[in-house]
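Enquirer:
Protein chains: 2
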Amino acid sequence: MSSFGSYIRERRERLKASDATFSVRQLAGRIGVEPSFLSKVERGETPPPSEEKVKALASELGEDPDVLLALAGKVSSDLQEAIRKRPELFAAVIRELKDMPDHAVLGMVREVRDGKW
Amino acid sequence: MSSFGSYIRERRERLKASDATFSVRQLAGRIGVEPSFLSKVERGETPPPSEEKVKALASELGEDPDVLLALAGKVSSDLQEAIRKRPELFAAVIRELKDMPDHAVLGMVREVRDGKW
DNA sequence: GACAATGTGTACTGAGTAGTATACACTACA
DNA sequence: TGTAGTGTATACTACTCAGTACACATTGTC
């Protein structure tokens, strides 16, 4: 069920249709891996690559890095670091918000950003 | 600078002063590892153990599991899962809140819990 | 029909993860 | 003085991570 690979492949082929530089070889070159490796990743024969490569892929494919990392089963290291710096606080926040609807969470965050707290 | 080990050791020895079952051997037995392994962990000779063992340690030592995991350089898998389920949302939330003072964040969470959103 | 570029199969690697198993020296105490 | 318990040193292991290196067959094109 490695949806990561097929997702990448789909995006890459879509781009390749109008831009030949999105071949396995050339894209692999740009993100700094061997073509055979990218090929195996796309077919799910190998687990998703490192955070660094996933972010490079996101940048090349015009995708949201956090979404791509999530598909890869990972969480961005800067988010992890933020949590590790105040573990009690962020554990409480995330567990509290995880079942809330998006609009509630976003509305709240907007309030915070606007200095209401 | 593996503060995890010394933190564990200090807590264990504090408890051991009034409860002999907090020897390396017995505690190791209760969390399901070999004594030599726990010893090496406490001295920082080996990196912190798996999430599962860290949580067992937290439970035995009466510490907050999220704090102990943070010292071990990890983030609890349930939090990671929550983030991976809605990566854009939680990435935004965490990046927005990471520089906010605790009281602001907590006040906000309280509002959410009280159904204000 | 040569040549380039495409995607993929196969074999391998070095580092890290997460420990086990056993033996050892030291202290407590009865 | 034996024996029970303490912490630790040493050696080893199976597994996963994150890829590389290279050869191969196929397709497009000039």
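So the protein sequences, as listed, match chains A and B. Using our numbering, the first residue of the first sequence is number 4, and each one after it goes up by one. Using our numbering, the first residue of the second sequence is number 4, and each one after it goes up by one. Yeah, the Cβ is synthetic: ideal placement off N, Cα and C, and Gly gets one too.
In its own chain, which residues sit with a C-beta less than 7 angstroms from the C-beta of Ile34/B, not counting the 5 before and 5 after it?
Expert: To locate residue 34/B, count along the second sequence from 1; it is residue 31. Contacts found: Lys56, Ala59, Leu60, Glu63.
Enquirer: Using a Cβ cut-off of 8 angstroms (strictly closer), state whether Ile97/A contacts chain B.
Expert: Position 94 of the first sequence, counted from the start, is the residue given in the question as residue 97/A. Judged by the 8 angstroms Cβ criterion, Ile97/A is in contact with chain B.
Enquirer: Give the single residue among Asp69/B, Thr49/B, Lys43/B, Leu92/B whose Cα lies nearest to the Cα of Glu84/A.
Expert: Reading the first sequence from its first residue, position 81 is the one you call residue 84/A. The residue with the shortest Cα to Cα distance from Glu84/A is Asp69/B.
Enquirer: Pull out every residue of the stretch 54-72 of chain B whose Cβ sits closer than 9 angstroms to any Cβ of chain A, in chain order.
Expert: Asp67, Pro68, Asp69, Val70, Leu71, Leu72
Enquirer: Between the stretch 97-117 of chain B and the stretch 97-111 of chain A, are three or more C-beta pairs nearer than 8 angstroms?
Expert: yes
Enquirer: Indicate the three-state DSSP secondary structure (helix, strand or coil) for Thr49/B in the structure shown.
Expert: Your numbering for residue 49/B matches position 46 in the second sequence. Here DSSP, grouped into helix, strand and coil, assigns Thr49/B to coil.
Enquirer: Once you ignore the five residues that flank Lys43/A on each side, which residues in its own chain have a CB closer than 7 angstroms to its CB?
Expert: As a working note, residue 43/A is residue 40 in the first sequence. Excluding positions up to five away in sequence, the list reads Thr49.
Enquirer: Below 8 angstroms between beta carbons is the criterion; list the residues of the stretch 22-42 of chain A that meet it against any residue of chain B, in chain order.
Expert: none
Enquirer: Could you tell me whether any Cβ in chain A is nearer than 8 angstroms to the Cβ of Ser79/B?
Expert: Indexing the second sequence from 1 puts residue 79/B at position 76. It does; some Cβ of chain A falls within 8 angstroms.
Enquirer: Please report the Cβ distance between Leu72/B and Pro104/A, rounded to the nearest whole angstrom; I am assuming they are in contact, meaning their Cβ atoms lie under 8 angstroms.
Expert: In the second sequence, residue 72/B corresponds to position 69, counting from 1. In the first sequence, residue 104/A corresponds to position 101, counting from 1. Going by Cβ atoms, the distance from Leu72/B to Pro104/A rounds to 28 angstroms, so no, they are not a contact pair.
Enquirer: Are the C-beta atoms of Val44/A and some chain B residue less than 8 angstroms apart?
Expert: Translated into positions along the first sequence, residue 44/A becomes position 41. Chain B, which has no Cβ nearer than 8 angstroms to the Cβ of Val44/A, makes this no.
Enquirer: Using a Cβ-Cβ cut-off of 8 angstroms, state whether Glu91/B counts as contacting chain A.
Expert: The residue you call residue 91/B lines up with position 88 of the second sequence. Closer than 8 angstroms to some Cβ of chain A, the Cβ of Glu91/B qualifies, so yes.
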